[in-house]
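Heads up: the sequence shown begins at 37 in this note's numbering, then just goes up one per residue. The beta carbon of each residue, even a glycine, is placed where N, CA and C say it ideally should be. As the structure is a computational prediction, the values presented were derived from the model and not from experiment. Since the structure comes first, as structure tokens, the remarks are kept for the end.
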Amino acid sequence: MCHHHPNQKPLYLLFAAQFQVLGSDHPITATVGGDVVLPCHLSPRMNAEHMEVRWFRSRFSIYVHLYQSGQDHFSSQMPEYQGRTEFLKGGVSNGNVSLRILRTRLSDEGQYQCLIKDGNFYEEATLELKVAGKAPEAGLPMRKASGFNHFPYEDLEILSISPV
Numbered sequence: 037m038c039h040h041h042p043n044q045k046p047l048y049l050l051f052a053a054q055f056q057v058l059g060s061d062h063p064i065t066a067t068v069g070g071d072v073v074l075p076c077h078l079s080p081r082m083n084a085e086h087m088e089v090r091w092f093r094s095r096f097s098i099y100v101h102l103y104q105s106g107q108d109h110f111s112s113q114m115p116e117y118q119g120r121t122e123f124l125k126g127g128v129s130n131g132n133v134s135l136r137i138l139r140t141r142l143s144d145e146g147q148y149q150c151l152i153k154d155g156n157f158y159e160e161a162t163l164e165l166k167v168a169g170k171a172p173e174a175g176l177p178m179r180k181a182s183g184f185n186h187f188p189y190e191d192l193e194i195l196s197i198s199p200v
């Protein structure tokens, strides 16, 4: 029998739904114009269909992608990601909550948070996305490269390619 103070929840309820959220220890690399998958999963592996999965950057309320109650939600999605995100539902029953970003832009580079909420319990992981095709120095002016029609990226702007 579980004895507890009237104002305190039993311990087994507090810890029943605990899990960790795991992303990637290394930066994910994308190419401008290509698609990239940001990996994220629950540990231990469990069904996340009924959980809230929120991918966001600096602000929690304006998200990159939100999956909640088994559906994608777009009402407060960051405008720059509209039509460019895909929550990979195929593995969600096994704890895989990865996100695909379509037609990657230079502005997509940076940190992403993958937050998973189950009832009152939540956990998150931080991932870093690097986008290739960037100018070597941030202050360097960029101009359209002409005569590179074999590149399938309309907005690819390169001055020089230097070793990373």
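*When burial is assigned at 16 or more other CB atoms within 10 Å of the CB, is I98 buried or exposed?*
One-based indexing of the sequence shown puts residue 98 at position 62. In the assembly as shown, I98 is an exposed residue. Its beta-carbon has fewer than 16 other beta-carbons within 10 Å.
Would I64 and V57 qualify as a contact pair, given that the criterion is a beta-carbon distance under 9 Å? Within the sequence shown, the letter at position 28 stands for residue 64. Within the sequence shown, the letter at position 21 stands for residue 57. Contact flag unset, no.
Discussion item. Please tell me whether I152 and E159 are closer than 9 Å, where the distance is taken between their beta carbons.
Written reply: For this step, residue 152 is matched to residue 116 along the sequence shown. For this step, residue 159 is matched to residue 123 along the sequence shown. Inclusion of I152 and E159 in the CB contact set at 9 Å is warranted, their separation being smaller than that value.
Assuming C76 is part of the beta strand (DSSP E), what are its boundary residues? On the sequence shown, residue 76 is found 40 positions in, with the first residue counted as 1. It is not in any beta strand (DSSP E) - C76 carries neither H nor E in the DSSP assignment.
*If you check the beta carbons only, do P75 and F55 fall under 9 Å apart?*
Within the sequence shown, residue 75 is the residue found at index 39, counting from 1. Within the sequence shown, residue 55 is the residue found at index 19, counting from 1. Inclusion of P75 and F55 in the CB contact set at 9 Å is not warranted, their separation being larger than that value.
Original post:
Between M82 and L135, what straight-line distance do the alpha-carbon atoms span, to the nearest angstrom?
Top reply: Within the sequence shown, residue 82 is the residue found at index 46, counting from 1. Within the sequence shown, residue 135 is the residue found at index 99, counting from 1. Take the alpha-carbon of M82 and the one of L135: they are about 17 Å apart.
Fill in: Endpoints, the beta strand (DSSP E) within which V100 is located
Here residue 100 is taken as the residue at index 64 of the sequence shown, counted from 1. For V100, the enclosing beta strand (DSSP E) has its first and last residue at Y99 to Q104.
Q. From R90 to V100, what distance separates their C-alpha atoms?
A. Numbered from its first residue, the sequence shown carries residue 90 at position 54. Numbered from its first residue, the sequence shown carries residue 100 at position 64. Cα to Cα, R90 sits roughly 8 Å from V100.
Residue range of the beta strand (DSSP E) that T205 falls in? The structure shown does not extend to residue 205, since the chain is modelled only from 37 through 200, so no value can be given for it.
Among E85, A161, V128 and G127, which residue has its Cα nearest to the Cα of S147?
As a working note, residue 147 is residue 111 in the sequence shown. Looking at the sequence shown, residue 147 is not Ser but Gln. When only C-alpha atoms are compared, the closest one is A161.
key: Where the beta strand (DSSP E) through H109 begins and ends   = By 1-based counting over the sequence shown, the position of residue 109 is 73. Element bounds for H109: Q107 to H109.
Exercise for review: For P177, I'd like the list of residues in its chain whose CB is within less than 7 Å of its CB, leaving aside the five on either flank, ordered along the chain.
Suggested key: In the sequence shown, the residue the question calls residue 177 occupies position 141. Caution is warranted here: a pLDDT of 45 is assigned to P177, below 50, making its placement in the model unreliable, and the coordinate value is therefore given only provisionally. Correct list: empty, nothing qualifies.
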